[in-house]
Amino acid sequence: MKKILLLVMILGIGVSLMAQQPYKFKIDPSHKTINEKPAISIEPLKDQSIVNSDVISKQQISPADRDVNIVTVIDIGTMANAYSYASNNVGGQKSLVWAEPELNIVTSFHRMGGVLDPEGYSGDLGYDISFDGGSTWTNQIECYVAVDNAGGDYYRDAARYPNHGIYNPTGDVDSAYVAFFCPNLDGTNGSWGGYSYGVANISDPSDTTGNYNRQSSHDDVYQYVPDAYDVSSQGLAICVDKNIDWTGSTGIYGGNLILNQGYWDDDESDIVYEEFLLDYESPEEFGSPWFTTVAFAPDGMTGYIAILGNDGETWSVEGMHSIYPIFWKTTDGGETWGDPTAIQIDGPDGIGGIVNSLLTDAQIEQIYLPPLPARDEIPYTYTGDFEIAVDDNGNLHIAGIVCAAGEAEGGGIGFFIEDSLGGVLDLFTDDGGTTWFVEEMGRIIKYDGTFGALAEGNRTQITLSPDTDKVFISWLDTNPEVADDNSRPNIFCRGFEPSTYMKTYTLDNVDGPTNVTAFSFGYNEAIFGTAAKTALEFTDGEYTIPYTYVELTDNDVTLPAQIKYIKDFSFSEDDFLIIGIGDDREAKEMNATVSQNYPNPFSGNSYITVNLAEGSDLSLEVYSITGQQVLRQDYGYTSKGTTTLTINGTDLTPGIYFYTVTTGESKVTHKMIVE
6 MKKILLLVMI LGIGVSLMAQ QPYKFKIDPS HKTINEKPAI SIEPLKDQSI
56 VNSDVISKQQ ISPADRDVNI VTVIDIGTMA NAYSYASNNV GGQKSLVWAE
106 PELNIVTSFH RMGGVLDPEG YSGDLGYDIS FDGGSTWTNQ IECYVAVDNA
156 GGDYYRDAAR YPNHGIYNPT GDVDSAYVAF FCPNLDGTNG SWGGYSYGVA
206 NISDPSDTTG NYNRQSSHDD VYQYVPDAYD VSSQGLAICV DKNIDWTGST
256 GIYGGNLILN QGYWDDDESD IVYEEFLLDY ESPEEFGSPW FTTVAFAPDG
306 MTGYIAILGN DGETWSVEGM HSIYPIFWKT TDGGETWGDP TAIQIDGPDG
356 IGGIVNSLLT DAQIEQIYLP PLPARDEIPY TYTGDFEIAV DDNGNLHIAG
406 IVCAAGEAEG GGIGFFIEDS LGGVLDLFTD DGGTTWFVEE MGRIIKYDGT
456 FGALAEGNRT QITLSPDTDK VFISWLDTNP EVADDNSRPN IFCRGFEPST
506 YMKTYTLDNV DGPTNVTAFS FGYNEAIFGT AAKTALEFTD GEYTIPYTYV
556 ELTDNDVTLP AQIKYIKDFS FSEDDFLIIG IGDDREAKEM NATVSQNYPN
606 PFSGNSYITV NLAEGSDLSL EVYSITGQQV LRQDYGYTSK GTTTLTINGT
656 DLTPGIYFYT VTTGESKVTH KMIVE
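Counting in our numbering, the sequence shown runs from 6 upward without gaps.
The following block contains the structure:
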């Protein structure tokens, strides 16, 4: 197989069938560069004895004095250092905190050491667990111990960057297991090359298999540091890595992804993995994929593997190196995977919510010198970090940050992201991956933060409600009055209900995300904040999102670190609104039924059937996706019975709209699409 020199994110000439000439910039873009050394950070390898750290707990706001909207933060496990939560320029591991709603269990997985494990080794693994939805915890349960010293300064099976999940086959705690997968330092691929993996019985923590399950790089398979991991209740576990040869001074991408796909084996009481390769021949000028993710629907059958990359075949602008999601899909539980499919986010055939709505006219003028590009001539890019989730219908949601791409001085991927130029988006499909839409969750003020020798970005993450009807997207951002970069972050989150297009709003009903950590113990300190993939639902319609973050000592990732848990951040059904259009939940109290428009999508006429139980005033309003009213029709007093309303699509530009039917004091809102 053709091997490609690893030039990830180094700018070259973007070869494309539809290459456009670049425009000149008014401001300099930010940029990221992957050097010729491994991108994943490695702390000093010498095995130093771990002693009690000087972590000093800050004074928590007392429950009696705090506002009900301020979250409660508690200490859980500790680590010898914070590297397992951090990953240079990539966004870190995403499966560190896990919620299992059926069991009311929350787990936090990490390396050992720190004040709770003063003699512990940073290459060992353990977890913290709560059996009551995060209220109380048992911490530092060790499930993996490195033993292969081989006479060196460090253990060759020392664990790093773990991911984990819970295998829950029966809904019974006694049959549930913590499953984990991580790289180790066996040295068969540069400093890296090995995998360690296993399970630990939740009811009997001493019953663990991790110390027996290890494998090294072999043949042309160069194991590195996997980003992606997921576990289904059906017993499927899957880990995805990039096949990059780091045995020389320069990384060589082998043209494929490494999949370790495992199934629960009752005889072994373990997940038994099979390793195989998934081909992805990235063009040489674009190098290897930037980031990998994997997720399955609750049924365990429909799943997606997604990367950020550039296949060299989509629309592009000459000299602009942009990356976008490329995915593989399975509908048979991972037995077979389809071909890679790129999502065209920009250009003449791009997604309208990005091409037409991501930048205002003023922001375009802020970025470019005259002559200004047309909207479908602006190249857009993801910024190197994203996460995916799959709903009950097998539809993919992609959480990430998108902004205009730039030509970065000195090489790298250039982007215009800070000061609200970059948007946090849910990119999603409602037909299994053919048609794509975007919904904006918020704007980015600061991007990277510096923590000792590490630079970390916003860590965009996605959490689904237990029924998968609602999407919660989280990220990190810093108030510019507190720091010049994203080194003093808060966690921001916003909920979205795709079926109604309703989103959560702030406590003051402002159209924007909620600052999760505002005025709490974690205010401006939510470093490496991480969200669970699934929310908990303690009461009907109340969704609690488990979060962890790291308290650093002297802002130094090499020193012992305290893991913090946020146990009471939630959204309720009443938090989902369409401000200015009306709350669709008021429809429950209406004396009328309002149909979905038909046909939909449409380009000519479309019709809405209204059935009034009692006579009342009737009106129709149509709003753009940004909330601008584009049509209003008053029908006056209308007698009870069935009435048909007509919308003429030729009066509207193609895109997504909402229509609201008002009868008396009640309103119903639906989404429609004009082609």
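Built from N, CA and C at the ideal position, the CB exists for glycine as well. Quick caveat: nothing in here was measured; it's all calculated off a predicted structure.
- prompt: Three-state secondary structure (DSSP) at residue 487?
  reply: coil
message: For a quick check, are the C-beta atoms of residue 231 and residue 186 less than 8 angstroms apart?
response: yes
field: Neighbourhood of residue 509 by C-beta distance below 7 angstroms, restricted to the same chain and skipping five residues each side
entry: Cβ neighbours of residue 509 within its own chain (closer than 7 angstroms, five residues either side excluded): 499, 500, 519, 576, 580, 581.
- prompt: Would you report the Cα separation of residue 569 and residue 621, rounded to the nearest angstrom?
  reply: 55 angstroms
Cβ distance (whole Å) where residue 537 is taken to contact residue 104 below 8 angstroms: 4 angstroms
message: Less than 8 angstroms between the beta carbons of residue 363 and residue 429, yes or no?
response: no
field: Three-state secondary structure (DSSP) of residue 127
entry: coil
task: Have a look at the DSSP bridge pairing and note the partners of residue 660.
output: 679
- prompt: Among the residues of its own chain, which have a CB less than 6 angstroms from the CB of residue 650, if the five just before and after it don't count?
  reply: 613, 625
task: Give a yes or no on whether the C-beta atoms belonging to residue 300 and residue 235 are separated by under 8 angstroms.
output: yes
- prompt: Short check: CB of residue 449 to CB of residue 422, under 8 angstroms?
  reply: Result yes, Cβ atoms of residue 449 and residue 422 sit closer than 8 angstroms.
message: At the level of alpha carbons, what is the spacing between residue 221 and residue 200?
response: Their backbone Cα atoms lie some 6 angstroms apart in a straight line.
message: Comparing C-alpha positions only, which one of 480, 139, 476, 664 sits nearest to residue 465?
response: The shortest C-alpha separation from residue 465 is found at 480.
Assigned secondary structure, residue 493 (DSSP; H/G/I helix, E/B strand, else coil): coil
- request: Note down, in chain order, each residue of its chain lying with its Cβ closer than 7 angstroms to the Cβ of residue 511, except the 5 sequence neighbours on either side.
  value: 517, 519
Integer-rounded CB distance, given that residue 602 should sit under 8 angstroms from residue 664: 7 angstroms
query: Alpha carbon to alpha carbon, how far is residue 256 from residue 361?
result: Cα to Cα, residue 256 sits roughly 38 angstroms from residue 361.
message: Closest to residue 646 by C-alpha separation, out of 640, 627, 618, would be which residue?
response: 618
Reference residue 544, options 109, 135, 494, 453, closest by Cα: Comparing Cα-Cα distances from residue 544 to each of 109, 135, 494, 453, the minimum goes to 109.
message: Check whether the stretch 141–149 and the stretch 72–91 touch, using three or more Cβ-Cβ pairs below 8 angstroms as the test.
response: Short answer: they touch.
field: Cα-Cα separation between residue 457 and residue 90, rounded to whole angstroms
entry: 14 angstroms
message: For residue 336, which residues in the same chain have their Cβ closer than 8 angstroms to its Cβ, ignoring the five residues on either side in sequence?
response: 306, 307, 399
The beta strand (DSSP E) enclosing residue 599, as first and last residue numbers: 597–599 is the extent of the beta strand (DSSP E) around residue 599.
message: If contact is defined by three or more beta carbon pairs under 8 angstroms, each pair taking one atom from either stretch, is the stretch 268–276 in contact with the stretch 364–375?
response: Too few Cβ pairs lie closer than 8 angstroms, so no.
message: At the level of alpha carbons, what is the spacing between residue 282 and residue 342?
response: Looking at the two C-alpha atoms, the distance is approximately 11 angstroms.
- prompt: Excluding the five sequence neighbours on either side, which residues of its own chain have a C-beta within less than 6 angstroms of the C-beta of residue 475, listed in chain order?
  reply: 500, 502
- request: Compute the Euclidean distance between the alpha carbons of residue 218 and residue 276, then round it to the nearest angstrom.
  value: 10 angstroms
query: Any idea if residue 165 is buried or exposed, counting beta-carbon neighbours within 10 angstroms, 16 or more meaning buried?
result: buried
query: What residue from 354, 285, 562 has the CA that sits closest to residue 459's CA?
result: 562
query: Are the Cβ atoms of residue 245 and residue 310 separated by less than 8 angstroms?
result: yes
query: Taking the continuous alpha helix (DSSP H) assigned at residue 367, which residues delimit it?
result: Following the DSSP letters along the chain, one finds residue 367 inside the alpha helix (DSSP H) bounded by residues 366–372.
message: Is the separation between the beta-carbon of residue 606 and that of residue 678 shorter than 8 angstroms?
response: yes
field: residue 528, DSSP secondary structure in three states
entry: coil
CB contact check: residue 351 to chain B, cutoff 8 angstroms: Although the question refers to chain B, the structure presented lacks it and comprises just one protein chain.
Identity of the residue in 118, 435, 196 nearest residue 250 by Cα: 196
query: Looking at the unbroken alpha helix (DSSP H) that takes in residue 359, where does it start and where does it end?
result: 357–360
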